[in-house]
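Below is one structure; the comments refer to it alone.
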Amino acid sequence: MVEQSQVEKGKITPKLNMVAWEITRSCNLFCAHCRSASTTGAYENELSTEECFRLIDGILQVSKPVIILSGGEPLLRQDIFRIAKYAAEKGLKVVMGTNGTLISDEVAAKLKTIPVSRVAVSIDFPMPELQDKFRGKTGAFQTAMSGITRLQQTGIEVQINSTITRLNVRYLNELLNLALEAGAVAFHPFMLVPTGRGKGLEAVELSPEEYEQTLNWVYDRQKELGNRLFFKPTDAPHYQRILRQRGGISNTKGIFLGEKSATKARKDATNSITRGCLAGTGFCFISHRGGVQGCGYLDVEAGNIRDKSFSEIWMNSTLFRELRDLSNIKGKCSLCEYKIVCGGCRARAYESTGDYLEAEPYCIYDPVALRNNR
Numbered sequence: 598m599v600e601q602s603q604v605e606k607g608k609i610t611p612k613l614n615m616v617a618w619e620i621t622r623s624c625n626l627f628c629a630h631c632r633s634a635s636t637t638g639a640y641e642n643e644l645s646t647e648e649c650f651r652l653i654d655g656i657l658q659v660s661k662p663v664i665i666l667s668g669g670e671p672l673l674r675q676d677i678f679r680i681a682k683y684a685a686e687k688g689l690k691v692v693m694g695t696n697g698t699l700i701s702d703e704v705a706a707k708l709k710t711i712p713v714s715r716v717a718v719s720i721d722f723p724m725p726e727l728q729d730k731f732r733g734k735t736g737a738f739q740t741a742m743s744g745i746t747r748l749q750q751t752g753i754e755v756q757i758n759s760t761i762t763r764l765n766v767r768y769l770n771e772l773l774n775l776a777l778e779a780g781a782v783a784f785h786p787f788m789l790v791p792t793g794r795g796k797g798l799e800a801v802e803l804s805p806e807e808y809e810q811t812l813n814w815v816y817d818r819q820k821e822l823g824n825r826l827f828f829k830p831t832d833a834p835h836y837q838r839i840l841r842q843r844g845g846i847s848n849t850k851g852i853f854l855g856e857k858s859a860t861k862a863r864k865d866a867t868n869s870i871t872r873g874c875l876a877g878t879g880f881c882f883i884s885h886r887g888g889v890q891g892c893g894y895l896d897v898e899a900g901n902i903r904d905k906s907f908s909e910i911w912m913n914s915t916l917f918r919e920l921r922d923l924s925n926i927k928g929k930c931s932l933c934e935y936k937i938v939c940g941g942c943r944a945r946a947y948e949s950t951g952d953y954l955e956a957e958p959y960c961i962y963d964p965v966a967l968r969n970n971r
């Protein structure tokens with residue numbers, strides 16, 4: 598979360614609220630969209646247990662963010678429970694992102710004991726045969742759903758994540774219903790960023806027009822759901838624009854709170870308790886070998902914790918300093934009246950142009966300043 602007072606004269610004062618940590622790159626599935634193109638590994642030179650402990654201590658020198666243990670598949674790491682427990686005992690809120698296929702009764706019980714506060718399980722299709730094909734393994738759907746049941750029985754919050762492409766956008770209603778029926782507390786549709794193996798899905802990536810339609814669908818469903826579910830799109834910064842264009846008020850968890858007039862909402866375009874793109878401002882990613890990035894999809898390192906302290910990287914790296922100065926943003930994003938609340942996806946800009954400061958390529962909105970200059 599980036600508070601309103603943290604954005605002054607186009608510069609964002611960082612407040613680290615969330616860290617996604619690729620605790621291992623090894624994975625037991627072969628998913629079509631995988632950001633890191635993970636395989637079973639093994640991957641050499643991953644952070645040791647002691648390095649992980651020191652990293653947690655280093656993060657605590659900066660803030661007390663939520664720590665997302667992800668991968669790859671985090672449950673393939675033999676010391677995962679030790680690392681999670683160390684973070685939890687230091688006072689950090691620990692959550693986990695997993696494909697769900699390795700969650701036995703014993704694993705669920707261990708996660709509860711640590712405690713891991715929430716587990717996000719990836720379900721991209723409501724039909725077993727399509728999920729299995731997308732995830733590269735027969736039985737992936739059923740084992741993931743069984744894992745969700747075990748987590749629920751243990752009393753751990755479950756979140757369902759779905760990566761959205763043209764292959765499954767037609768099933769969004771079914772995926773939302775699946776999340777509700779499974780008793781999930783949150784449903785996060787992830788808008789595909791074509792990195793890693795995901796580059797092979799460029800042909801089925803949503804067009805900018807389909808992207809806009811999907812985000813408006815999210816708005817409509819969020820409005821209907823009220824407080825029944827934490828529901829928000831991820832990797833979708835211009836949803837913050839759509840909220841304001843339509844007059845919506847939503848909190849950082851994705852709960853729809855009401856509407857005000859669209860005219861007033863547009864006047865409030867610079868007021869926000871959150872931003873669309875949080876890379877390097879309220880969020881960062883740490884790779885399995887200690888590289889620190891703005892997010893997992895923005896494949897540019899700000900530094901490595903084996904070379905510098907985490908606090909030094911977070912506060913002083915060139916990458917993060919550039920991302921925190923909105924005057925650096927180029928193209929139509931630089932002119933946009935929603936720049937402060939949206940910011941455009943820096944990872945998509947980088948994948949499309951090689952420049953993470955260029956304009957968001959999947960936004961159809963024309964800023965007022967651009968229209969006035971035509």
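For the sequence shown, position 356 matches number 953 in our numbering, and the numbering has no gaps at all. Heads up, the beta-carbon is just placed ideally off N, CA and C, and yes, glycines get one too. These numbers come from a predicted model, not from an experiment.
- Inter-segment contact for the stretch 722-734 and the stretch 776-791 is absent: fewer than three beta-carbon pairs are separated by less than 8 Å.
- For residue 615, the uninterrupted beta strand (DSSP E) run begins and ends at 615-619, by DSSP.
- Burial check for residue 710: the Cβ neighbour count within 10 Å stays below 16, so the residue is exposed.
- Excluding the 5 residues flanking it on each side, residue 689 has same chain C-beta neighbours closer than 8 Å at 653, 656, 657, 661, 662, 663 and 664, in chain order.
- For residue 753, no pairing in a beta bridge is given by DSSP.
- Of the residues 697, 853 and 893, the one whose Cα lies closest to the Cα of residue 615 is 893.
- Relative to residue 923, the option among 936, 946 and 913 whose CA is nearest is 936.
- The three-state secondary structure of residue 758, taken from DSSP, is strand.
- Residue 921 and residue 902 have their C-alpha atoms some 21 Å from each other.
- Among the bridge pairs identified by DSSP, residue 695 is matched with 718.
- Counting C-beta pairs closer than 8 Å gives three or more between the stretch 802-813 and the stretch 831-847, which meets the contact rule.
- Judged by beta-carbon spacing, residue 961 lies within the 8 Å limit of residue 809, meaning their Cβ atoms are closer than that value.
- Scanning its chain for C-beta atoms nearer than 6 Å, with the 5 sequence neighbours on each side dropped, one finds around residue 932 the residues 964, 966 and 967, in chain order.
- Classified as exposed, residue 608 has fewer than 16 neighbouring CB atoms from the shown chains inside 10 Å of its CB.
- The DSSP-derived three-state label of residue 850 is coil.
- In this chain, the beta strand (DSSP E) harbouring residue 888 covers 888-890.
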